[in-house]
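A.B. asks: Sharing a structure here in structure tokens format.
Chains as they are written, first to last, in my numbering: chain D, 32 to 668; chain B, 285 to 541; chain P, -7 to 211.
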């Protein structure tokens, strides 16, 4: 396997424009002759399906939910970045590019990030035209706020529901194409495998989640926009249905997996309350604009927060990072919280929490102002914890939130399998080792609205694909493999539920491949995961049949894939002998506990190639060249 | 705490079902309602029974997947809350809880508590959008929008499409859902060109799906987890009459209905 | 379909028909209730008012035709809507706990059917004298009223029907301006107006049989 990034030549600012001109076009009359499958209907998939439909391609779009509007992009709260510089505060495309590269700890591809920053401005225009009700000033113009780790106000938002509004805009555009007949929507349909014929992605095998029918969909190109794999940790802020199956199945068919160990732990989530916990709830990062993070100075201080005097509180973010304080980037804030809890200074019933205190902000601007800014978040917090954050400081703890790793793609967003394109969180491309706040929405929409519509045309114009039907031996073999695996899951009828395996895997991953990783812990996982996987296939209990709506079967298939994927994640984390962004190896830290990169040896993308069951994957390296920014140590002090 | 559940069980593909009684002992008040069902399901599987099927995904009240009638109230007793955000501390030890699926002709039951809400997507497909193809947009600040209008649009746009309004309405009407989308887009300058066409087409689709009409019971507004106001339905009616009586160019749209 | 065809097909259109015809009937009812007040002045005044109306077929007949059409359209619209609404939920809930709907809103069809029956009875009783002809004397409206209401079951029926009318107006008047999109949704101060009208109309109509029964109005 050879990794060709296909980054166009020329100066950074001109690469995308030049590339757009050089790409081949598909004649408008021919577009409807090409069929494209889009798996996933979130910001990336939904925007891609809608836009390709508008262009005239013959599109099928798939989602496992009952409606494309339910994709997990909907849960993003904070906002979307764009280099509009409406605030006249010194923002520019170059600055957004630089911030993103630096925020990603210099582990992203320069050309992709620059393109993202360029396109960011078009996204806002497009969304406004669609009717996304962004927050506005009294003059009628768009409002901005500053967000996680940025020193300019470039974040556009729609109350605390930016992801929802952007997704609804994209969903409406998609439904318009459904009505126009250019897109056919397949809801409650899960992709279970990729069909590769002569080395080219030509279709997918799906399961109709209502009837259980295993179906084949053939096309000229396949787009995966299936999100991240945070649920490998069982507890995360992801929706319950989020899974790695589509990307993992593609990986098994030959798509290289890039940087699987890069995961983002979000610092402001509601702490775990008990064993019954099924998911973690994020509290928007914007809370850190007014909330101050602290723990008691003394270990095991069990006094209620108001009984702890000011001079016995440790505002550790303000202490350690005076210039960014409570607004330092996510990876740094998360690690700092873990550190103080490890020292025994954590708060709450199980000691896994820190305070996010609005006391001084309420004193400064009044409770009404705070309610106006964060009312819905405070209400959500109170509903879940039964504590009133206006009176008692919030308790927060980090939780898995986003995965920067994903299928390796070139500049055209095509994976190592020709014809297979990967967008949004499902690819590895733009965030390096850490993603900045309000950048995920930006990337998803950039990929779907403005990148793939061009690059897929270039692919289709040159692909010269032979005719294919379902009788092709490769197609039949893939369908047979899916059918057999489903039957196997149902046949075990063991003693343990799917969830119990998932919980156990999640705990292994959180303990040893979470916020801080050690070689010993990762080796332990690499030994334990195959054992757990073996037990799964001997002892899992999946009730019911395959020919009906069977939620246990759906979960079982996803957990089976997590059990394979987790091993690759640990392997990647073990091989990366440095700390960067969200990947923190305890062995590699500066004397004052900060991440220590090893640029000499690790300035590359790790792309793993699948070799077959039970065989060690092969590592390929795509070197990262930084021609426009200077590698430096991230400092938020 | 210990609870008694009566849960609607309907096998996949079967036209009918029944309420089945389950004991739910040792439920923590910190559990969410769906976590209580998770625990019940783990116990059912351990006993060799089929778990209760229910839709859910984000579990933070925004995706709109979850929803069930809980003791005869859509999304249960806490106002402005989706089922996933309802916590068991809203119930008392010894309570009996009836759990039923959304009921409407337009929402056929697929299995147990899972219903098909595709009708809501088709209402949006009928006209719940602004026709703007990618790439054709002017600058975001080219058209100022008064803050009050943008805020009102956001109020309506907060709809999560869960279907609770339909479930709660004695007429199984989707009028609150439809009016929220019509209202969101009519408040914005970008939504004006298709305003009349949109309301006619969406309303016609709503009826074609077999939903009932509004008779101002107000149950929808009470059930809505995003507390969307029934006043949006007034706005829809006003636009509807305006589109048929006043606006001449809407004649062209009559082809759509 | 023509531009106005939607008013016979869509629920919104048929509701608008029901609302407009409802408003027409309410205007008549208010006029009727105020006219009735003459009974408290004197028998002669009431009878003179009746004779005055009888003398103007050029006014009375068009009004009657309009009212008849309004009743017909109203009944057609609401019955077809009710059938559609009922069909929208073929399987009901085992347990249902209303949160916002009122007795009046949930029973508007029942009160409507009661009123329909009442109107037929009322016309046959007081206008044509077909029912209970022994109590009916042409041109003596006052006497007819008193003789009629001295029969206990007639008074009871009127009383019950007026409760129905009050409930019907209570919800119908709240909904009609909303259905026509003319109510300003942001004016909560308007909310009690339909309720006040409903209560006043109910009180005016109910007072007459009550006054007869307790002997305040007599021959």
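All residues carry an ideal CB built from backbone N, CA and C; glycine is no exception.
For residue 381(B), which of 397(B), 355(B), 387(B) has the nearest alpha-carbon?
C.D. replies: 355(B)
A.B. asks: Once DSSP output is grouped into helix, strand and coil, what is the label at residue 620(D)?
C.D. replies: DSSP places residue 620(D) in the strand class (E or B) of the three-state scheme.
A.B. asks: Closer than 8 Å is the cut-off here; do at least three beta carbon pairs connect the stretch 241 to 255 of chain D with the stretch 519 to 530 of chain D?
C.D. replies: no
A.B. asks: Could you pull the start and end residues of the alpha helix (DSSP H) that residue 297(D) belongs to?
C.D. replies: Per DSSP, residue 297(D) belongs to no alpha helix (DSSP H); it is in the beta strand (DSSP E), 294 to 300.
A.B. asks: Is residue 286(B) close to chain D? Criterion is C-beta to C-beta, closer than 8 Å.
C.D. replies: no
A.B. asks: From the DSSP output, read off the bridge partner residues of residue 354(B).
C.D. replies: 357(B), 383(B)
A.B. asks: Looking at chain P, which residues of the stretch 394 to 428 of chain B have a Cβ within less than 7 Å of any of its Cβ atoms?
C.D. replies: none
A.B. asks: Tell me whether residue 389(B) sits in a helix, a strand or coil according to DSSP, three-state version.
C.D. replies: Annotated three-state conformation of residue 389(B) is coil, per DSSP.
A.B. asks: Going by C-alpha to C-alpha distance, which of 323(D), 381(D), 452(D) sits closest to residue 364(D)?
C.D. replies: 323(D)
A.B. asks: Excluding five sequence neighbours on each side, which residues of the same chain lie with their C-beta closer than 6 Å to the C-beta of residue 539(B)?
C.D. replies: Confidence is the limiting factor: at residue 539(B) the pLDDT is only 49, short of 50, which leaves the residue's position unreliable, though a coordinate-based value still follows. Counting only Cβ-Cβ distances below 6 Å, and skipping sequence neighbours, we find nothing.
A.B. asks: From the beta carbon of residue 507(B), is the nearest beta carbon of chain P less than 8 Å away?
C.D. replies: It does; some Cβ of chain P falls within 8 Å.
A.B. asks: How would you call residue 127(P), buried or exposed, if buried means at least 16 neighbouring beta carbons within 10 angstroms?
C.D. replies: buried
A.B. asks: Residue 39(D) by DSSP, collapsed to three states: which one?
C.D. replies: coil
A.B. asks: Against chain B, does residue 72(P) count as a neighbour if the rule is that its beta carbon must be under 8 Å from one of theirs?
C.D. replies: no
A.B. asks: Nearest-angstrom Cα distance between residue 665(D) and residue 450(D)?
C.D. replies: 37 Å
A.B. asks: Answer yes or no: do residue 466(B) and residue 515(B) have a C-beta to C-beta separation smaller than 8 Å?
C.D. replies: no
A.B. asks: Using three-state DSSP, classify residue 363(D) as helix, strand or coil.
C.D. replies: helix
A.B. asks: With a cut-off of 8 Å, does the C-beta of residue 33(P) fall near any C-beta of chain B?
C.D. replies: no
A.B. asks: First and last residue of the beta strand (DSSP E) that includes residue 535(D)?
C.D. replies: Run containing residue 535(D): none in the beta strand (DSSP E); it sits in the alpha helix (DSSP H), 529 to 544.
A.B. asks: Assign residue 354(D) to one of three DSSP states: helix, strand, or coil.
C.D. replies: coil
A.B. asks: Within 10 angstroms of the Cβ of residue -4(P), are there 16 or more other Cβ atoms? Answer buried if so, exposed if not.
C.D. replies: Residue -4(P) is exposed by the Cβ-count criterion.
A.B. asks: Determine the closest residue to residue 22(P) out of 103(P), 191(P), 211(P), with distance taken between C-alpha atoms.
C.D. replies: 191(P)
A.B. asks: Which of the three DSSP states is assigned to residue 161(P) in this structure?
C.D. replies: In this structure, residue 161(P) counts as helix in the three-state DSSP scheme.
A.B. asks: Helix, strand or coil for residue 657(D)? Go by DSSP, reduced to three states.
C.D. replies: coil
A.B. asks: At the level of alpha carbons, what is the spacing between residue 114(D) and residue 136(D)?
C.D. replies: 20 Å
A.B. asks: In three-state terms, what does DSSP make of residue -7(P)?
C.D. replies: Unreliable positioning characterises residue -7(P) in this predicted model, as indicated by a pLDDT of 47, which lies under 50. The coordinate reading is nonetheless provided below. Residue state, collapsed to three classes: coil.
A.B. asks: Measuring CA to CA, which of 660(D), 638(D), 642(D) is closest to residue 651(D)?
C.D. replies: 638(D)
A.B. asks: For my contact list, residue 320(B) and residue 329(B) are in at a C-beta cut-off of 8 Å; report their separation, rounded to the angstrom.
C.D. replies: Beta-carbon to beta-carbon, residue 320(B) and residue 329(B) are separated by about 15 Å, too far to satisfy the 8 Å threshold.
A.B. asks: Does residue 499(D) come out as helix, strand or coil in the three-state DSSP assignment?
C.D. replies: coil
A.B. asks: Cβ of residue 77(P) less than 8 Å from any chain B Cβ?
C.D. replies: Judged by the 8 Å Cβ criterion, residue 77(P) is in contact with chain B.
A.B. asks: Beta carbons nearer than 8 Å to chain P: which residues of the stretch 439 to 466 of chain B have them?
C.D. replies: For the stretch 439 to 466 of chain B, which is checked against every Cβ of chain P, the residues closer than 8 Å are 452, 454, 455, 456, 457.
A.B. asks: Identify whether residue 69(D) lies in helix, strand or coil by the three-state DSSP scheme.
C.D. replies: strand
A.B. asks: Can you find a CB in chain B that lies within less than 8 Å of the CB of residue 136(D)?
C.D. replies: no
A.B. asks: In three-state DSSP terms, what is residue 154(P)?
C.D. replies: In this structure, residue 154(P) counts as helix in the three-state DSSP scheme.
A.B. asks: Expressed to the nearest angstrom, what Euclidean distance is found between the alpha-carbon atoms of residue 86(P) and residue 384(B)?
C.D. replies: 8 Å
A.B. asks: Given residue 7(P), which residues of its chain have a CB within under 6 Å of its CB, disregarding the five upstream and five downstream residues?
C.D. replies: 171
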